[in-house]
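First the structure, in the form of structure tokens, and then the observations on it.
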Amino acid sequence: MKVKLAKTAGFCMGVRRAMEIVLTEVNKGTQPLYTFGPLIHNRQVSALLETKGVKAIDHIEGLHDGTIVIRAHGIPPSERRRIKSSGLRIRDATCPRVAGVQAIISSHTKQGYHAVIVGDKDHPEVMGLMGYAHGKARAIKSAEEVAQLPRMKKLFVVAQTTQAEKNFKEVVKAIRDRFPEALIFDTICDATYSRQAEVRAFSGHVDGLVVVGGYNSGNTQRLVQISRETGIPTFHVETEKELAREELAAMEVVGVTAGASTPNWMIKSILREIEGIQSRTETVLGRWIIGVVRSLLLSNVVVAAGAFALAYAAAILSGRRADIIYPSLAFFYVYAMHVLNRFLDKGASAYNDPEVAKFYRKYRTFLVLSGIVSIITALALSYYLGLGVFFAMAGLNLLGIVYSIPLVPEGVRHLWEYSRIKDIPGSKTLSEALAWGVVIVLLPLLGSQRIGLLAALAAFIFVFCMTYIRSALFDIFQEQGDLIVGVETLPITLGEERTLLLLKGVAVFSGICLIAAPLSGASGPFAYLLLLCVLSAALCLMAYERKWLHAGRRFEALVEGNFFLAGLLGLIWQLYT
Ligand code: SF4
Numbered sequence: 051m052k053v054k055l056a057k058t059a060g061f062c063m064g065v066r067r068a069m070e071i072v073l074t075e076v077n078k079g080t081q082p083l084y085t086f087g088p089l090i091h092n093r094q095v096s097a098l099l100e101t102k103g104v105k106a107i108d109h110i111e112g113l114h115d116g117t118i119v120i121r122a123h124g125i126p127p128s129e130r131r132r133i134k135s136s137g138l139r140i141r142d143a144t145c146p147r148v149a150g151v152q153a154i155i156s157s158h159t160k161q162g163y164h165a166v167i168v169g170d171k172d173h174p175e176v177m178g179l180m181g182y183a184h185g186k187a188r189a190i191k192s193a194e195e196v197a198q199l200p201r202m203k204k205l206f207v208v209a210q211t212t213q214a215e216k217n218f219k220e221v222v223k224a225i226r227d228r229f230p231e232a233l234i235f236d237t238i239c240d241a242t243y244s245r246q247a248e249v250r251a252f253s254g255h256v257d258g259l260v261v262v263g264g265y266n267s268g269n270t271q272r273l274v275q276i277s278r279e280t281g282i283p284t285f286h287v288e289t290e291k292e293l294a295r296e297e298l299a300a301m302e303v304v305g306v307t308a309g310a311s312t313p314n315w316m317i318k319s320i321l322r323e324i325e326g327i328q329s330r331t332e333t334v335l336g337r338w339i340i341g342v343v344r345s346l347l348l349s350n351v352v353v354a355a356g357a358f359a360l361a362y363a364a365a366i367l368s369g370r371r372a373d374i375i376y377p378s379l380a381f382f383y384v385y386a387m388h389v390l391n392r393f394l395d396k397g398a399s400a401y402n403d404p405e406v407a408k409f410y411r412k413y414r415t416f417l418v419l420s421g422i423v424s425i426i427t428a429l430a431l432s433y434y435l436g437l438g439v440f441f442a443m444a445g446l447n448l449l450g451i452v453y454s455i456p457l458v459p460e461g462v463r464h465l466w467e468y469s470r471i472k473d474i475p476g477s478k479t480l481s482e483a484l485a486w487g488v489v490i491v492l493l494p495l496l497g498s499q500r501i502g503l504l505a506a507l508a509a510f511i512f513v514f515c516m517t518y519i520r521s522a523l524f525d526i527f528q529e530q531g532d533l534i535v536g537v538e539t540l541p542i543t544l545g546e547e548r549t550l551l552l553l554k555g556v557a558v559f560s561g562i563c564l565i566a567a568p569l570s571g572a573s574g575p576f577a578y579l580l581l582l583c584v585l586s587a588a589l590c591l592m593a594y595e596r597k598w599l600h601a602g603r604r605f606e607a608l609v610e611g612n613f614f615l616a617g618l619l620g621l622i623w624q625l626y627t
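Residues are numbered in the numbering used here as their position in the sequence shown, beginning at 1, plus a constant of 50.
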């Protein structure tokens, strides 16, 4: 069965921002911590926040101490004043786009206009908007209600940001017929527009559409409604348990979209479940092959094989004939570190990738044992390569362990908030890239391989940059889970946009070094060939930024593919030179 995931599925900017604000407070240990009403309309997210000590309250009577987060929908100004005077500290997570609508309403009603808000009057966003209208606003749901509006001389129309486009247009038409002078502000959010347009675009291309999101989420309900209007068989589910497996099994192509308040981990769980449903047209062999490829990806064999390929290419770049011993060393080291660190990720996998979490639970013993065997093999291999290599490898393994354990005694943590190296913002990406660089380029130097220092530097920069881009891009894919468990990765510290900018800079720097290396005599012309890998990494960044691909198993395979491309280029170079 083919599954098509909508590019717009999942958190919109406003919801993501609200989640980041509340989780940042959670990770700082802020207590007591409240949200004014549920932060977003999603029961699973509300339950998660509750387990983190975040209480959703609908009144502030009796509260004078603590922090309250105002949700993305915003609140009326009168409510805000009451909270301020109560002594509670406010963290405002009102979506900037909602704040924009509030500003339109406030300024126009001050000028004597009356506001007509197209939306659900009981929705928190509309209730908040009404509060900015100085008593001069009405909320209507449909074009039929326009006839019931009183006569008004000056009026303007705005929309609840998640309104259905069609309904808003119908209301606007009815308003224009009755009030030709009315000012119209189309305040439907871009995120809503594109999400709804994508659902319409699914028509004719999928046999059915699964819409994931809270049953009480207005924007999810509208996606369901739009999908049904286009005639696509539509299934609204909150969790994977509610999937109509029988009906889906009869379909060849299934679309999946999700409301703006649906977290990634729920979308991924649904995707995994749908992909697990055996379509009537699939062969047993086809499913077996897919299963094997998945297992290799999940178990980190693919990333370890990528390290092998990268080491092979780096050997040629640093001016020596590639063998398979050092690449094998890289394979075992990377496999062991990735597998064993997965068990120390504080449960982030459960949110970032439920399939990985399930896989690691199921094969825990085998994976731990294979990780330990890999470390022993890497140590044995490095011993064979010389004492210098052995001690360096042992040191790297030790660092891998020290990286995750608390080093700062509890009594002095107020002086230095990062008790472990991994708590230092951005340390994960940097240490991973450095470790790969050391294993792939510096260990052969210690192993008395004849390598020029400049050639080694060129190879180190190439390996470091490629690994840095891979690691940070994966951190972007896993931002939600890392934020939930409080891991300070690069995208969490810098934000997604700045991280992508930084990665583009890293790609450009790597490209410049690859061009400069042969020109300066540091490396041979093979460096020019490796520019293809840099180009491919840059394309991955662009594909993510422009949403050509969604973060999923295929994208991950594509990113890992850069390393295999390097290895393949190395092999071709070896064969023909
Ligand atoms: S749908 Fe748009 S307006 Fe509403 S919270 Fe999301 S980004 Fe903000």
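Just so you know, even glycine gets a beta-carbon here, dropped at the ideal spot from N, CA and C.
Proximity to Arg141 [Cα-Cα], best of Ser368, Ser432, Arg121 = Arg121
Cut-off 6 Å between Cβ atoms - residues of its own chain near Thr539, not counting five sequence neighbours on either side = Within its own chain, the residues whose Cβ lies closer than 6 Å to the Cβ of Thr539, once the five positions on either side in sequence are excluded, are Lys478, Asp525, Asp532, listed in chain order.
Arg139 - containing beta strand (DSSP E), residue span = 139 to 142
Proximity below 9 Å, CB of Ile425 to CB of Leu449 = no
Nearest-angstrom Cα distance between Ile374 and Gly497?
-> Approximately 14 Å between the Cα atoms of the pair.
C-alpha gap between Ile366 and Leu619, whole angstroms | 10 Å
Is it buried or exposed for Ser573, if we count other Cβ within 10 angstroms and need 16 for buried?
-> buried
Starting from Lys554, follow the beta strand (DSSP E) in both directions and report where the run begins and ends.
-> Segment 546 to 569 is the alpha helix (DSSP H) holding Lys554; no beta strand (DSSP E) there.
Grouping DSSP H, G and I as helix and E and B as strand, with all else coil, what is Arg188?
-> strand
Beta strand (DSSP E) containing Ile474: first to last residue?
-> Per DSSP, Ile474 lies in no beta strand (DSSP E) segment and is marked neither H nor E.
Three-way DSSP call (helix, strand, coil) for Ala209 in this model | strand
Grab me the residues of Thr58's own chain with a C-beta within less than 6 Å of its C-beta, minus the 5 sequence neighbours each way, in chain order.
-> Here the set comprises Ser244, Arg245, Glu248.
Should Arg141 be counted as a contact of the ligand SF4 given a C-beta to heavy atom distance under 8 Å?
-> no
Beta bridge counterpart(s) of Val119 as assigned by DSSP | Thr85, Arg141
Under 9 Å, do Gly150 and Thr212 count as touching if we go by C-beta distance?
-> Contact: no.
DSSP three-state call for Ile238: helix, strand or coil?
-> coil
Please go through the segment 251 to 278 and give each complete beta strand (DSSP E) segment of 3 or more residues, from N-terminal end onward.
-> 258 to 262
Compare the beta carbon distance of Ile118 and Leu138 with 9 Å and say whether it is the shorter of the two.
-> Yes, these two residues count as a Cβ contact at 9 Å.
9 Å Cβ cutoff met for Ser311 and Phe61 = Yes, these two residues count as a Cβ contact at 9 Å.
Looking at C-alpha atoms only, which residue of Gly254, Glu215, Lys219, Leu205 is the closest neighbour of Glu231?
-> It is Leu205.
Helix, strand or coil at Ile107 according to DSSP, with G and I counted as helix | strand
Cα-Cα separation, Leu553 to Ile474 = 19 Å
Mark Val558 as exposed unless 16 or more other C-beta atoms lie within 10 angstroms of its C-beta, in which case mark it buried.
-> exposed
Taking three-plus beta-carbon pairs below 8 Å as touching, is the segment 345 to 365 in contact with the segment 375 to 387?
-> yes
Measuring from the CB of Cys145, is there a heavy atom of the ligand SF4 at a distance below 8 Å?
-> yes
Where do the ends of the alpha helix (DSSP H) carrying Lys216 lie?
-> 215 to 228
So does His123 have its beta carbon nearer than 8 Å to some heavy atom of the ligand SF4?
-> yes
Hey, is Val262 close to the ligand SF4, as in C-beta under 8 Å from one of its heavy atoms?
-> no
Relative to the C-alpha of Val491, which residue among Ala506, Val76, Met443 is closest?
-> The shortest C-alpha separation from Val491 is found at Ala506.
First and last residue of the uninterrupted beta strand (DSSP E) at Ile643 | Only positions 51 to 627 of the chain appear in this structure, which leaves residue 643 out of reach.
Given a cut-off of 9 Å, decide if Ala567 and Ala577 are closer than it, judged by their beta-carbon atoms.
-> yes
Is Asn92 buried or exposed, if buried means 16 or more other CB atoms sit within 10 Å of its CB?
-> Buried is the call here.
Give the DSSP-derived three-state secondary structure of Thr159 in the structure shown.
-> helix
Flag Val458 as yes when its Cβ comes closer than 8 Å to any non-hydrogen atom of the ligand SF4, and as no otherwise.
-> Outside the cutoff, so no.
Assigned exposure category for Asn612 - 16 Cβ within 10 Å defines buried = buried
Three or more beta-carbon pairs under 8 Å between the segment 151 to 159 and the segment 82 to 98, yes or no?
-> no
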